[in-house]
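Peer 1:
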Amino acid sequence: MSNHVIEWLNAYFDGELQGYRLHQVEAHLAGCEACRAELESLGKLSGLLHEVPLPDFPSPERFASQINLLLPQKRTPPPRRSLFEVGWWMIPVGIMAVWVFVSTALLLSNVVSVADSFGLLGTTTSSWISSPAETADLTAVLGGFGVLGGDSLQWAERTESLTRSMVPQFVLQVSVAVLYLAWFATWLARHTRQPREGLIEG
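Read in order, the letters of the sequence shown correspond to residues 5 to 206 in this note's numbering.
Next up, the structure:
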C-alpha cells in the first residue's frame, strides 16, 4: 500500500475508526514503516501530555466572580422617593402643625375668656371680646327665669365659658388621635402587604 494513512492515524490512535477504514489502516501499518513511526510518535506525545500536571483552573462561579471584581463598579444611585411617598410622610406633619396652631388659638382664647370673667381686662377690651350672641346663652336664659342668681349665676357663667373653650379642644384632640390612628393603620397595612407580595413572587 503506497499511499500513507497519516491523516487517519489520530483517529486510529484514539480508537475512533471502525469497519472498512479500520482494516485499511491496520493493513497499511503492517507494511509501512513510516506510518508506524508516526503512530509511535503520537503515542509518545500522548504520554508526555498525560505526565504534565494540569493547571488548577478555578470553578466557573469563582472565575465569574473574579471577572466581576475586575470590572469597573457602577454605583447605583439611591432610589428616589416618589412624590406620593413624600406627601404620605407629610400627612402627620401637617396634622401636627394644624393641631399646634388650633390648640394655641384655643388656649389664648381660653386665657382671655377667663381673664375677662374675673374682670382682669379693661372695659374696652371686654366689650371688644364679647359678642352679641353671648346675651342669648343658656346662663342668661336661666338667670332671666330666676333659676340662677347672685354667686350661682356668676359661677355658671365662668363654668360655661370654660366649657365652651374646652369642648372644641377636646374634639380637636380626639380628631387628631383618630387621624393618626387611621394613618398608622394604613401605613402598617402597606408594609405588611409588601413582604407577602415579595414572597409570592419569589
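Glycine included, every Cβ here is placed at the ideal spot set by N, Cα and C.
The structure displayed is predicted, hence computed values, not measured ones.
What number of angstroms, rounded off, separates the C-alpha of Thr190 from the C-alpha of Tyr184?
Peer 2: The alpha-carbon atoms of Thr190 and Tyr184 are separated by roughly 10 Å.
Peer 1: Could you tell me which whole alpha helix (DSSP H) segments of length 4 or greater appear in the region 17–66?
Peer 2: Listed in chain order, the complete alpha helix (DSSP H) runs (minimum 4 residues) inside the region 17–66 are 23–35 and 37–55.
Peer 1: Buried or exposed: which applies to Val29, given that a residue is buried once 16 or more other Cβ atoms fall within 10 Å of its Cβ?
Peer 2: Counting Cβ neighbours within 10 Å, Val29 comes out buried, since at least 16 surround it.
Peer 1: What whole-angstrom Cβ distance do Ile99 and Val180 have, given they're in contact under 8 Å?
Peer 2: Yes, they are in contact, since the Cβ atoms of Ile99 and Val180 sit about 6 Å apart, within 8 Å.
Peer 1: Do the CB positions of Gln70 and Pro62 come within less than 8 Å of each other?
Peer 2: The answer is yes: Cβ separation under 8 Å.
Peer 1: Is the beta carbon of Leu13 closer than 8 Å to that of Leu52?
Peer 2: Going by C-beta atoms, Leu52 is not nearer than 8 Å to Leu13.
Peer 1: Suppose the cutoff is 7 Å on Cβ atoms and the five residues either side in sequence are ignored; what does the same chain contact list for Gln173 look like?
Peer 2: Same-chain partners within the cutoff: Ser107 and Leu110.
Peer 1: May I have the straight-line CA-CA distance separating Asn72 from Pro64, to the nearest angstrom?
Peer 2: The alpha-carbon atoms of Asn72 and Pro64 are separated by roughly 12 Å.
Peer 1: What's the call for Ser117, buried or exposed, on a 16-neighbour Cβ count within 10 Å?
Peer 2: Ser117 is buried by the Cβ-count criterion.
Peer 1: Rounded to whole angstroms, what's the CA-CA distance from Leu43 to Asp18? Just pull it up for me.
Peer 2: Near 11 Å, if we compare the C-alpha coordinates of Asp18 and Leu43.
Peer 1: Measuring alpha carbon to alpha carbon, tell me which residue in Leu176, His32, Val115 and Arg40 is nearest Ala101.
Peer 2: Checking every option, the nearest Cα to that of Ala101 belongs to Leu176.
Peer 1: Tell me the rounded alpha-carbon separation between Ala68 and Asp60.
Peer 2: Each residue's alpha carbon lies about 16 Å from the other.
Peer 1: In or out: His32 buried (at least 16 other Cβ within 10 Å) or exposed?
Peer 2: Buried.
Peer 1: Using the Cα positions of Ser134 and Phe188, report the straight-line distance between them to the nearest angstrom.
Peer 2: In this prediction, Ser134 scores a pLDDT of 49, lower than 50, which makes its location untrustworthy; the coordinate-derived value is nonetheless stated afterwards. Going from the Cα of Ser134 to the Cα of Phe188 covers about 41 Å.
Peer 1: Just how far apart, CA to CA, sit Arg25 and Cys39?
Peer 2: Whole-angstrom Cα-Cα distance: 15 Å.
Peer 1: Please determine, among Leu87, Asn114 and Tyr16, the residue with the shortest C-alpha to C-alpha distance to Val171.
Peer 2: Among Leu87, Asn114 and Tyr16, the Cα nearest to that of Val171 is on Asn114.
Peer 1: Out of Trp92, Ala119, Val97 and Leu21, state which residue places its alpha-carbon closest to the alpha-carbon of Arg194.
Peer 2: Checking every option, the nearest Cα to that of Arg194 belongs to Trp92.
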